[in-house]
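In terms of our numbering, the first sequence opens at residue 34 and continues consecutively.
Even for Gly, the Cβ is constructed at its ideal location relative to N, Cα and C.
Down below is the structure, laid out as structure tokens.
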Amino acid sequence: MTVDEQLEYLGKGAVDLIEKADLKSKILRGRPLTVKVGFDPTAPDIHLGHTVVMRKMRHFQQLGHRVIFLIGDFTGMIGDPTGKKATRPALTREEILANAETYKRQVHKILDPETTEIRFNSEWLGALGAEGMVRLAAKYTLARILERDDFRRRFEAHQPISLHELLYPLAQGYDSVALKADVELGGTDQLFNLLVGRDLMREYGLEPQVVLTMPLLEGLDGVEKMSKSLGNYIGIDEQPGEIFGKVMSISDEMMWKYYLLCTDLTPGEVKELRAHVESGSHHPMDAKKDLAKAIIRDFHSPEAAEAAEAEFRRIFSEKQAPTEIEETTLPAGDEPQLLVKIITAAGLAASNKDAQRLVAQGGVLVDEVKIDSTRHTLDVSAGKIYLLKVGKRRFARVRFE
RNA sequence: GGAGAGUUGGCUGAGCGGUCAAAAGCAGCAGACUGUAAAUCUGCCGGGCCACGCCCUACGGAGGUUCGAAUCCUCCACUCUCCA
């Protein structure tokens with residue numbers, strides 16, 4: 034690849050690239066670049082939203098650069114204020130380390146295990162000490178910190194901002210100083226933090242890093258950014274069937290963004306596919322199934338992808354019970370037991386009230402038969418087995434012993 | 001340091017001393033319609049009880065006034081505003 038081709042490849046899908054000329058001159062030196070990406074160890078599960086940036090990291094790896102997966106175990110104690118309306122709760126040391134382990138286990142589904150370097154920023158931030166922190170804070174001004182939209186908005190809305198939150202961008206910027214990063218990647222919401230890194234590097238007499246941001250992926254609701262805390266995410270550790278179902282539930286419109294950010298298709302190929310769907314020559318559901326399979330192939334296997342599709346067809350298109358149903362064993366009894374209690378006991382509803390509602394609303398089937406009486410009872414003598422379906426997707430086989 | 005405003009269910013946000021398990025919106029769940037899509041419509045949306053009624057927990061925390069408090073009083077915690 035020529036340098037210009039490399040630039041195009043690395044910039045593919047990016048929102049900001051500051052400065053492109055800097056990246057070019059860095060590449061021209063012919064030495065592997067140090068590419069830093071920070072991950073906050075607050076979310077124990079890597080989801081599709083994270084993979085957007087990770088995919089970009091892989092691009093750098095493919096071109097022979099040194100990619101550092103930085104786990105913000107120190108900054109995690111601060112809690113990134115980005116996009117937050119309220120102060121985040123601080124994590125304990127134990128929680129952070131446990132989360133970090135989960136990260137390590139999962140990142141290699143996307144990144145090259147051989148060359149990915151995993152670091153923890155407590156390594157240098159912890160060593161900084163109070164004095165170092167104060168010195169670091171001296172390099173930035175309040176006005177500049179308040180330029181940041183999140184802070185300004187909270188400030189103007191008279192919402193609390195704790196002082197330690199102001200340190201977050203500085204700490205993150207200092208990571209770049211410590212690692213002498215050539216490039217830092219992040220979501221567009223990270224732009225401010227990444228730029229602070231540039232400023233700080235200049236302050237410390239280093240060449241400023243290149244900042245490259247990727248679009249944020251909306252979650253299943255199609256509106257909010259995909260995040261663990263909002264529960265609108267697809268985790269890469271999830272079962273193939275779960276992933277398939279979740280992908281199918283996104284809107285047709287959103288599907289294209291997923292195609293662009295979560296597959297290796299080029300923008301041109303996605304555009305072409307979209308044109309086929311819009312002209313009616315390709316059914317949107319088929320396009321979405323292909324998307325779901327592509328994603329499952331990445332995190333599981335081609336076989337798992339095919340199996341997930343077959344299972345999906347079986348359950349939802351043909352409305353049959355899944356091939357594999359979780360079996361729950363409950364204690365048998367001589368007296369008939371209320372169905373609602375059995376549903377709760379089997380873990381298909383959060384509470385008896387909840388189960389009662391589901392039954393009343395016609396969302397419960399016992400052995401393929403809809404039950405709509407909340408007083409319905411089942412014979413629970415030993416050896417009895419029932420197939421319960423609650424809502425559209427919750428199944429369980431209950432056996433009494 | 002001084003003066004004032006506020007803290008309500010996952011979120012936003014109403015709330016007269018009784019009729020408040022608490023308006024409304026969002027989110028969520030179920031049903032209808034579908035392509036388990038989206039949009040739309042309908043219902044539900046603290047928990048317990050083989051109950052259509054009763055009980056428990058809940059309106060920042062702890063006390064108090066009252067037959068009765070989310071609503072009044074006191075103290076504590078937290079947040080915001082203005083002044084210094």
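### Under the three-state DSSP convention, the category Phe107 falls into
Correct three-state label for Phe107: coil.
### Task
Can you tell me the Cβ-Cβ gap for Ala320 and Val280, rounded? I've got them flagged as a contact below 8 angstroms.
Contact check for Ala320 and Val280: beta-carbon distance about 11 angstroms, past the 8 angstroms limit, so the pair fails to qualify.
### Query
Looking only at its own chain, which residues have a Cβ that is under 6 angstroms from the Cβ of Ile79, when we skip the five neighbours before and after it?
The beta carbon of Ile79 is closer than 6 angstroms to those of Gln139, Ile269 in its chain, skipping five residues each way along the sequence.
### Task
Could you check what DSSP says for Met234 in three-state terms: helix, strand or coil?
The answer is helix: DSSP assigns Met234 an H, G or I state.
### Query
For Thr407, which beta-bridge partners are listed by DSSP?
Beta-bridge pairing links Thr407 to no other residue.
### Task
Would you be able to state if there are at least three C-beta pairs under 8 angstroms between the region 157-172 and the region 134-148?
By the Cβ rule, the region 134-148 does not count as touching the region 157-172, because fewer than three pairs are nearer than 8 angstroms.
### Query
Of all the options Ile404, Ile267, Lys290, which has the alpha carbon lying nearest to the alpha carbon of Gln394?
Selected option, being the one with the closest Cα: Ile404.
### Query
Taking the continuous beta strand (DSSP E) assigned at Leu398, which residues delimit it?
Boundaries of the beta strand (DSSP E) harbouring Leu398: 397-399, taken from the DSSP string.
### Task
Answer yes if the region 253-270 comes into contact with the region 187-204, meaning at least three C-beta pairs across the two stretches below 8 angstroms, and no otherwise.
Taking a contact to require three or more Cβ pairs closer than 8 angstroms, the region 187-204 and the region 253-270 do not qualify as touching.
### C-alpha gap between Leu179 and Glu41, whole angstroms
Leu179 and Glu41 have their C-alpha atoms spaced approximately 34 angstroms apart.
#### Entry: the region 243-257 / the region 209-226 touching (three or more Cβ pairs under 8 angstroms)
Yes, they touch.
### Gln94 versus Thr84, Thr67, Leu158, residue with shortest Cα-Cα distance
Comparing Cα positions, the closest option is Thr67.
### Message
Tell me the rounded alpha-carbon separation between Arg408 and Leu371.
### Response
Our two residues, Arg408 and Leu371, have alpha carbons roughly 6 angstroms apart in a direct line.
#### Entry: Closest by C-alpha distance to Asp400, when choosing among Ser414, Ala415, Val431, Lys386
Residue Val431 is the option with its Cα nearest to Asp400.
### Query
Using DSSP with H/G/I as helix, E/B as strand and the rest coil, what is Gln370?
The answer is strand: DSSP assigns Gln370 an E or B state.
### Query
Straight-line CA distance for Glu189 to Glu52?
So the two alpha carbons sit approximately 32 angstroms from each other.
### Query
Expressed to the nearest angstrom, what Euclidean distance is found between the alpha-carbon atoms of Ile329 and His191?
Rounded to the nearest angstrom, the two C-alpha atoms are 45 angstroms apart.
### Query
Can Gly96 and Leu43 be called in contact, C-beta distance under 9 angstroms?
Strictly speaking, residue 96 in this sequence is Leu, with Gly absent from that position. Taking the C-beta atoms as reference points, Leu43 is found nearer than 9 angstroms to Leu96.
### Task
Please say whether Pro74 and Ile101 have beta carbons closer to each other than 9 angstroms?
9 angstroms or more divides the Cβ of Ile101 from the Cβ of Pro74.
### Between the CA atoms of Phe433 and Met288 - distance to the nearest angstrom
Phe433 has its alpha-carbon roughly 44 angstroms from the corresponding atom of Met288.
### Task
Identify every residue that forms a DSSP beta bridge with Gly220.
Answer by DSSP bridge pairing, in chain order: Met247.
#### Entry: For Ala365 and Val413, believed in contact at Cβ under 8 angstroms, the rounded distance
With a Cβ gap of about 5 angstroms, Val413 and Ala365 count as contacting.
### Message
Beta-carbon within less than 6 angstroms of Arg307's beta-carbon, same chain only, minus the 5 sequence neighbours each way: which residues are those?
### Response
Cβ within range, chain order: Trp289.
### Task
Would you check if the distance between the CB atom of Glu342 and the CB atom of Lys322 is smaller than 9 angstroms?
Their beta carbons are under 9 angstroms apart, which means Glu342 touches Lys322 by this criterion.
### Query
Quick one, which of Ala211, Lys352, Pro241 has its alpha-carbon nearest Gly159's?
Taking each of Ala211, Lys352, Pro241 in turn and checking the Cα distance to Gly159, the smallest one comes out for Ala211.
### Query
Just checking, does the region 418-430 make contact with the region 381-394 on the three C-beta pairs under 8 angstroms criterion?
Taking 8 angstroms as the limit for Cβ pairs, the verdict is that the region 381-394 does touch the region 418-430.
### Query
In the DSSP assignment, what are the bridge partners of Val402?
Paired residue(s): Val399.
#### Entry: For Ser195 and Thr32, the rounded distance between their alpha carbons
Only positions 34 to 434 of the chain appear in the structure, and residue 32 is not among them; the question remains open.
### Query
Any idea what DSSP makes of Ile267, helix, strand or coil?
The answer is coil: DSSP assigns Ile267 none of H, G, I, E or B.
### Task
Tell me whether Asp215 sits in a helix, a strand or coil according to DSSP, three-state version.
Asp215 falls in the coil class under three-state DSSP.
### Message
So, with DSSP's three-state summary, where would you put Asp37?
### Response
Looking at Asp37 - three-state DSSP - the assignment turns out to be helix.
### Task
Select from Leu294, Phe72, Phe107, Gln272 the residue whose C-alpha is nearest the C-alpha of Ala340.
Closest option to Ala340, Cα to Cα, is Gln272.
#### Entry: Local Cβ density within 10 Å of Asp331, reported as buried at 16 or more and exposed below that
By the beta-carbon neighbour count (other beta carbons within 10 angstroms, threshold 16), Asp331 is buried.
### Message
Quick test of your reading: Gly255 and Ile283, contact by CB under 8 angstroms. State the CB separation rounded to the nearest angstrom.
### Response
Yes, Gly255 and Ile283 are in contact; Cβ-Cβ is about 6 angstroms, under 8 angstroms.
### Query
Could you give the residue range of the beta strand (DSSP E) that holds Arg346?
Arg346: not part of any beta strand (DSSP E); DSSP gives it neither H nor E.
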